[in-house]
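Sequential numbering of the sequence shown, starting at 17, is according to this note's numbering.
Every residue, glycine too, gets a C-beta built ideally from N, C-alpha and C.
As structure tokens, the structure follows; a few thoughts come after it.
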Amino acid sequence: MEIGLGTIVYEFAGVPLKASLERIAQFGIKYIDVLAFGDYNPAFFPEEEQAAIAEKLHALGIKASSVVTCAHGNLASDDEAEVAFAVEQLKLAALLIRRLGGRQVLIGKGVGNIDFSLPRERAWRNVVKVLKEYCQWCQKHDVLVTLELEPESLHVCNGPEAMRQLIEEVNEPNLFANIDIGHLNILRVPPQDLAPLKEKIIHVHISDNDGLSHTNSIIGEGTTDIRWYIDTLLDLGIDEVARSQGEVAVAGIELGHPGEYIQDPDYRVLKSLGNVLSRVPRLRKVRGDEDI
17 MEIGLGTIVY
27 EFAGVPLKAS
37 LERIAQFGIK
47 YIDVLAFGDY
57 NPAFFPEEEQ
67 AAIAEKLHAL
77 GIKASSVVTC
87 AHGNLASDDE
97 AEVAFAVEQL
107 KLAALLIRRL
117 GGRQVLIGKG
127 VGNIDFSLPR
137 ERAWRNVVKV
147 LKEYCQWCQK
157 HDVLVTLELE
167 PESLHVCNGP
177 EAMRQLIEEV
187 NEPNLFANID
197 IGHLNILRVP
207 PQDLAPLKEK
217 IIHVHISDND
227 GLSHTNSIIG
237 EGTTDIRWYI
247 DTLLDLGIDE
257 VARSQGEVAV
267 AGIELGHPGE
277 YIQDPDYRVL
287 KSLGNVLSRV
297 PRLRKVRGDE
307 DI
């Protein structure tokens, strides 16, 4: 498993994607999760600008491991126009990640939510249909789709069991799981409960919080037991599952939450990266020496 970084921390600092890449490279980080939502969704960039970003990534030796999407609109909605607009954003995100040299699209926001006039049963059926169609479209573009659960009850994908059931019902070979360990901390879900998903987990988000609010705090300042989750995911075989799909398992550090303005992105990255490496020895890429 390799350490990555979500570009969200620079998006929320007002730093454009291309400008953030050199700042990320200075930390020795080789994998990024590209944020494909926010003030200026890079999936909407002109193709020549996307190509320029791809060139910059190549020059810096950085790989785009995933594109993180939180499409405007509810994927579980009965409103066909709303769903069509959301799916259009997901398709643009898939084309973006291919242009950047990656293959994974992460669907956030719990893949949709229930509402006053939208009961869970119907929302679930709507999501299964949308996911199946989107996964089939992605297969034509050699794209893998990962789901991310949200730790709030109104979301369709709101826990590991819901994620497992969605993957099973959609039943498409390119549908996999992303595990955000900070979300599990809020739900009080221990890592061993991920065992039923072990053949589908290919990506991880390292986030932290106080166990109550979804804050994406500096890693080490919250209550999330980073080592417990990462060690268990490694033991469950995440590297082997990712490798079977031609991918590298990446644990992307995620910092900052929507609506926040980050004044110190480099400091947050520096401190978080240091805390991850100090707490999780199995993520270090240095050799030990018995004589030390």
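Item	Value
Rounded C-alpha distance that separates Y277 from E98	29 Å
Reference E177; option with closest CA among K216, G54, A110	K216
Closest residue to L243 among R295, L210, N142 (Cα-Cα distance)	Reading off the sequence shown, one finds Arg at residue 243, where the question assumed Leu. Taking only the C-alpha atoms, the option nearest R243 is R295.
Pairwise C-alpha distance: G30 and I308	Its pLDDT being 45, under 50, I308 is placed unreliably in this model, and the coordinates cannot settle the point.
The alpha helix (DSSP H) enclosing N201, as first and last residue numbers	197 to 203
Buried or exposed (CB count within 10 angstroms, at least 16 for buried), A267	buried
Outcome for H88 when other beta-carbon atoms lying within 10 angstroms are tallied against a minimum of 16	exposed
Inter-stretch contact at 8 Å, needing at least 3 Cβ pairs: the region 119 to 130 / the region 152 to 171	yes
Beta-carbon proximity check, A207 vs T248, cutoff 7 Å	A small fix is needed here, since residue 207 is Pro in this sequence, not Ala. In contact: P207 and T248 (Cβ atoms closer than 7 Å).
Same chain, Cβ closer than 7 Å to L203, five either side skipped, listed in chain order	P167, G175
Which listed residue (H199, L73, G54) has its alpha carbon closest to that of R39	L73
Where H88 falls: helix, strand or coil (DSSP)	coil
Cβ neighbour criterion (16 or more within 10 Å) applied to Y283	exposed
Residue burial classification, Y26 (beta-carbon count within 10 angstroms, cutoff 16)	buried
Separation of E137 from M17, as counted between CA atoms	37 Å
Burial state of V302, where buried means 16 or more other Cβ atoms lie within 10 Å	exposed
Contact check, L112 vs V83, beta carbons under 7 Å	yes
I218 (DSSP reduced to helix, strand or coil)	strand
Cβ-Cβ separation, L210 to L252 (assumed contact under 8 Å), whole Å	6 Å
Whole runs of the alpha helix (DSSP H) within the region 125 to 155, excluding any shorter than 4 residues	136 to 155
Outcome for D280 when other beta-carbon atoms lying within 10 angstroms are tallied against a minimum of 16	exposed
Boundaries (first-last residue) of the beta strand (DSSP E) holding Y47	47 to 51
From E149, K46, D224, A92, residue whose alpha carbon lies closest to that of S288	D224
Other residues of its chain near I254: CB distance less than 6 Å, five sequence neighbours each side excluded	I217, A265
Burial state of Q152 (16 or more Cβ within 10 Å)	exposed
CA-to-CA distance, P32 to V257, given in whole angstroms	33 Å
V186 to V144 span [Cα, whole Å]	6 Å
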